[in-house]
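A.B. asks: Have a look at the structure that comes next, please.
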Amino acid sequence: MSGFRLALCCALAAPLGAGQITAPEGLPAPIRELTHQASLFWGAAPNWYCQETLRQRSAAAPRKPRRLHLSLAGAPSTEPASREIVSWYGFSGYGQNAEAIRELREIVSVDGKPVSRQTSPDGFLKILRGRDDVARQSLVETFRSTTIGDAPLDFGQIVMLFTRRSIERYTFTPAGTDLVGAERVVVYRYSQQTGSPGLHLDGNTIPLTGAVYLRNADAAPLRISVAAVRKDKTETRDEIQVDYEEMAHGAILPASLVHRRFVDGKLFSEDRAQYSDWRPVRPGQ
């Protein structure tokens with residue numbers, strides 16, 4: 008199975024001239040503020056990078072490995088049931104749409120084994136800030152080929168689902184209050200209207216449901232959950248939860264991600280990612 012991502016790619020947050028775009032009337036005040044937070048993310052995320060540690064485990068039987076786009080000492084002869092990938096991680100403009108951003112990763116190690124090339128962030132930062140889409144796509148394909156199963160791609164910017172341009176694609180229902188860490192949040196459940204972009208998986212687009220956890224003080228999204236269900240011969244349910252932390256100037260960036268896949272109600276695979284040591288991308292890096 009191929010890796011999956013949001014068909015929308017969370018690509019559009021605050022396009023040029025977005026100051027003229029206002030959130031629709033009638034939305035609850037915290038949801039209207041959420042659209043502002045999505046715009047802040049779009050402006051801030053490409054200016055930061057960090058280290059991602061992705062830990063995967065799968066209940067699927069081992070299979071022949073896909074061809075890796077990197078060289079590892081002692082690479083296994085069969086695809087393992089678990090994997091740990093450490094990468095430099097950041098966001099960058101991508102493709103002909105200058106307003107789109109995507110996750111990019113430069114792999115540092117796999118299952119504790121360093122990759123054969125240099126692992127300093129210098130080359131990664133050059134690609135991150137450059138305009139070479141071929142180099143960007145090479146990073147995407149290398150990471151995808153190194154994961155096991157269906158890795159969660161482009162979910163770090165899931166907050167950008169809720170921009171001023173796209174907020175009308177969702178309906179929101181209050182769901183009380185909760186805690187995320189020590190922060191008190193107000194919770195809204197959302198569902199995606201039929202016909203709008205959703206989770207892209209195995210050639211199908213699946214509508215999304217989930218919840219947003221917005222900090223009481225300023226509606227900053229501290230947690231966003233997503234669920235998507237598809238039924239064929241079996242029922243497959245994907246659940247994703249992204250937690251965010253506040254960085255400089257009120258912008259939020261990913262802190263952790265959990266993805267679980269259930270097949271006919273049984274846990275099939277789990278991915279857990281941690282994002283640590285966020286650093287600013289300095290001019291000239």
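Per the numbering used here, the very first residue in the sequence shown carries number 8; after that it's consecutive. A virtual CB, placed ideally from N, CA and C, is assigned to each residue, including glycine.
#1: What span of residues does the beta strand (DSSP E) with Glu113 cover, start to end?
#2: So what does Thr149 bridge to, in DSSP terms?
#3: Only counting runs of 3 or more residues, tell me where the beta strand (DSSP E) segments fall wholly within the segment 45-71, in order along the chain.
#4: Are the C-beta of Tyr96 and some C-beta of chain D separated by less than 7 angstroms?
#5: Rounded C-beta distance between Pro40 and Asp225? I'm assuming under 8 angstroms.
#6: Can the beta-carbon of Ser116 be found less than 7 angstroms from the beta-carbon of Val93?
#7: Within the same chain, show all residues whose beta-carbon is closer than 8 angstroms to that of Gly119, passing over the 5 residues directly before and after it, in chain order.
#8: At what residues does the beta strand (DSSP E) containing Ile318 begin and finish?
#9: Within 10 angstroms of its Cβ, does Asp284 collect 16 or more other Cβ (buried), or is it exposed?
#10: Are the segment 162-170 and the segment 182-196 touching by the rule of at least three beta carbon pairs closer than 8 angstroms?
#11: Are Ser198 and Ala218 closer than 7 angstroms when you measure CB to CB?
#12: When you compare the CB positions of Arg138 and Tyr101, do they come within less than 7 angstroms of one another, or not?
#13: Please identify the residue among Arg286, Arg279 and Ser145 whose C-alpha is closest to the C-alpha of Leu260.
#14: Quick test of your reading: Ala280 and Ser263, contact by CB under 8 angstroms. State the CB separation rounded to the nearest angstrom.
#15: Buried or exposed: Gln248, going by 16 or more other Cβ atoms within 10 Å of its Cβ?
#16: Looking at Leu221 and Pro37, is the spacing between their C-beta atoms short of 7 angstroms?
#17: Leaving out five residues before and five after Ala82 in sequence, what residues of the same chain have Cβ atoms less than 6 angstroms from its Cβ?
#18: Tell me whether Ala255 is buried or exposed, calling it buried when 16 or more other Cβ atoms sit within 10 Å of its Cβ.
#19: What three-state label does DSSP hand Thr170 in the structure shown?
#20: Under a Cβ-count criterion, where at least 16 other Cβ atoms within 10 Å of its own Cβ denotes burial, should Asp278 be classed as buried or exposed?
#21: Exposed or buried, Thr241, counting other C-beta atoms within 10 Å across all chains shown (16 or more means buried)?
#22: With DSSP collapsed to three states, give me the class of Pro181.
#23: For Ala66, which of Tyr282, Val288, Arg268 and Val194 has the nearest alpha-carbon?
#24: Relative to the alpha-carbon of Leu160, which residue among Tyr195, Arg109 and Trp49 has its alpha-carbon at the smallest distance?
#25: I need the straight-line Cα distance from Leu133 to Val122, nearest angstrom please.
#26: Do you know whose CA, among Gln200, Lys273 and Ser89, lies nearest Arg62's CA?
#27: Excluding the five sequence neighbours on either side, which residues of its own chain have a C-beta within less than 6 angstroms of the C-beta of Ser276, listed in chain order?
C.D. replies: Taking the geometry as given:
#1: Unbroken beta strand (DSSP E) run through Glu113: Ile108 to Val117.
#2: Per DSSP, none; premise fails for Thr149.
#3: As for any beta strand (DSSP E) of minimum length 3 sitting wholly inside the segment 45-71, the runs are 55-65, ordered along the chain.
#4: The structure shown has no chain D; it contains just one protein chain.
#5: First, the residue type needs correcting, since residue 40 is Glu and not Pro in the sequence shown. Taking the Cβ atoms as the reference, Glu40 lies roughly 7 angstroms from Asp225, within the contact range of under 8 angstroms.
#6: Going by C-beta atoms, Ser116 is nearer than 7 angstroms to Val93.
#7: Answer for Gly119: Glu91, listed in chain order.
#8: This structure cannot settle anything about residue 318, because the visible part of the chain is limited to 8 through 292.
#9: Counting Cβ neighbours within 10 Å, Asp284 comes out exposed, since fewer than 16 surround it.
#10: With the cut-off at 8 angstroms, the segment 162-170 and the segment 182-196 do not touch.
#11: No, the pair does not count as a contact, with Cβ atoms beyond the cut-off.
#12: Not closer than 7 angstroms, so no.
#13: Looking at the Cα atoms, Arg286 is the closest of the given residues.
#14: Taking a contact as a CB-CB distance under 8 angstroms, the pair Ala280 and Ser263 counts as one, their CB atoms being some 7 angstroms apart.
#15: By the 10 Å Cβ count, Gln248 comes out buried.
#16: Less than 7 angstroms separates the beta-carbon of Pro37 from that of Leu221.
#17: Model confidence at Ala82 stands at a pLDDT of 41, short of 50, so the residue's coordinates are unreliable; what they give is reported in the following sentence. No residues qualify anywhere along the chain.
#18: Counting of Cβ neighbours within 10 angstroms places Ala255 among the exposed residues, the total staying below 16.
#19: Residue state for Thr170 is assigned as coil, using DSSP reduced to three classes.
#20: Around the beta-carbon of Asp278, 16 or more other beta-carbon atoms lie within 10 Å, marking it buried.
#21: Exposed: under 16 other Cβ atoms inside 10 Å.
#22: In the structure shown, Pro181 adopts extended strand secondary structure according to DSSP, grouped into three states.
#23: Taking the Cα of Ala66 as reference, the smallest distance to any Cα among Tyr282, Val288, Arg268 and Val194 is reached at Arg268.
#24: Closest by alpha carbon: Arg109.
#25: Strictly speaking, residue 133 in this sequence is Lys, with Leu absent from that position. Straight-line measurement puts the Cα of Val122 at about 19 angstroms from the Cα of Lys133.
#26: Nearest option by C-alpha distance: Ser89.
#27: Closer than 6 angstroms at the Cβ level, and outside the excluded window around Ser276, lie Ser65, Gly156 and Arg268.
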